[in-house]
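Numbering (mature numbering (1 follows the signal peptide of the UniProt record, and there is no 0)), first residue to last: -20 to -1, 1 to 265. Each residue gets a CB set at the ideal place from its N, CA and C atoms; glycine is no exception.
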């Protein structure tokens, strides 16, 4: 059963909900899930190159690596974004792998955030990589599957076992636009499901890329699907209904539901509403 992960700004908070199946006996000893406590440190090295330093107030204002200060405070996971073919040094494979090696050697779990773009991907923009084939959904899906596989193999070759991978970043409006664009407000439900078919096909192909890498020797990471506006229960339920209703994907294809939560985006973005969403998704799925 997929777990739930809420992403608030750069901090990660894992809210896992266990649901007992009536067909199985009640367990007498529960196993606590791993609780991700982390930060997105994708830009840390770039800041360091700009001579930014970090002072540890708990150690007499000593200058220390940021990850060491955060680790002393309980951080156990580092999130790193990866872009496909950006300007050199800006979150490409070489840069992101080097940062993963740095943090992995210090014992932190690595959470890789695939943007599937040459630049930032978020609800307002999901640009298809310039070099990828866009003549058809199947052609684009093939490029996507190959990219996921080869990227994961590169991390393995670099000595990094990934703990968690997000196949897309905040894909409420889909990814790889215009092919994978979706509108959750499409109605009726049948039309919304049809609207999600291309996205589901693309995401399924990315998921198959994970399987391809695992078959080639990569240690299987947990797979996340990541949407923003985690406080909006109606949006989330409608979104996943359309996504799974396409028949291209099923909830067992991912291990973690990821929800961005930014409380400064509006008065409805409250922890109470976020919890309501998580409870509803956990109950349904």
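Query                                                                                                                                                                    : Result
In three-state DSSP terms, what is residue 92?                                                                                                                           : strand
Whole angstroms is fine: what's the gap from residue 186's alpha carbon to residue 146's?                                                                                : 10 Å
Exposed or buried, residue 139, counting other C-beta atoms within 10 Å across all chains shown (16 or more means buried)?                                               : exposed
Could you say if the stretch 54 to 70 and the stretch 11 to 22 meet the contact criterion of at least three C-beta pairs nearer than 8 Å?                                : yes
What do you reckon, are the CB atoms on residue 101 and residue 90 nearer than 8 Å?                                                                                      : no
Can you give me the C-alpha to C-alpha distance between residue -2 and residue 259, rounded to a whole angstrom?                                                         : With a pLDDT of only 26 at residue -2, under 50, the local geometry of the prediction cannot be trusted, and the value read off the model is given with reservation. Spanning the two alpha carbons is a distance of roughly 10 Å.
Would you say the stretch 43 to 56 touches the stretch 146 to 162, given that touching needs at least three Cβ pairs under 8 Å?                                          : no
Quick one, are the C-beta atoms of residue 132 and residue 190 less than 8 Å apart?                                                                                      : yes
Could you check whether the Cβ of residue 51 sits closer than 7 Å to any heavy atom belonging to the ligand GDP?                                                         : Among the ligands in the structure shown, none appear at all, so the ligand GDP cannot be discussed.
Using 8 Å as the threshold, is the C-beta distance between residue 24 and residue 42 below it?                                                                           : no
Which residue's Cα is closest to the Cα of residue 177: 195, 194, 154, 198?                                                                                              : 154
In chain order, what residues of the same chain have a beta carbon less than 6 Å from the beta carbon of residue 209, not counting five sequence neighbours either side? : 215
If you measure between the beta carbons of residue 111 and residue 65, is that distance less than 8 Å?                                                                   : yes
Can you check DSSP and say which residues form a bridge with residue 107?                                                                                                : 157
Does the distance from the C-beta atom of residue 237 to that of residue 261 stay below 8 Å?                                                                             : yes
Go to residue 263, then tell me how far its beta strand (DSSP E) extends in each direction, as first and last residue.                                                   : Run containing residue 263: none in the beta strand (DSSP E); it sits in the alpha helix (DSSP H), 251 to 264.
I need the boundaries of the alpha helix (DSSP H) containing residue 220, first residue and last residue.                                                                : 213 to 225
Can you grab the Cα-Cα spacing for the pair residue 8 / residue 171, in whole Å?                                                                                         : For residue 8, the predicted model reports a pLDDT of 42, less than 50, meaning its position is unreliable; a value from the coordinates is still stated below. Straight-line Cα distance between these residues: approximately 46 Å.
Going by DSSP, name the residue or residues bridged to residue 26.                                                                                                       : Note: residue 26 sits in no beta bridge, so no partner.
Taking Cβ to Cβ, would you say residue 63 is nearer than 8 Å to residue 84?                                                                                              : no
Output needed for residue 77: all residues of its chain with C-beta closer than 8 Å, excluding positions within five of it in sequence on either side, in chain order.   : 134, 135, 138, 140
Can you tell me whether residue 29 is buried or exposed? The criterion is at least 16 other CB atoms within 10 Å of its CB, across all chains shown.                     : exposed
Would you mind working out which of 99, 94, 86, 226 sits nearest residue 266, comparing C-alpha positions?                                                               : With the chain running from -20 to 265 in the structure shown, residue 266 is simply not present.
Which value, in whole angstroms, describes the spacing of the CA atoms of residue 82 and residue 202?                                                                    : 21 Å
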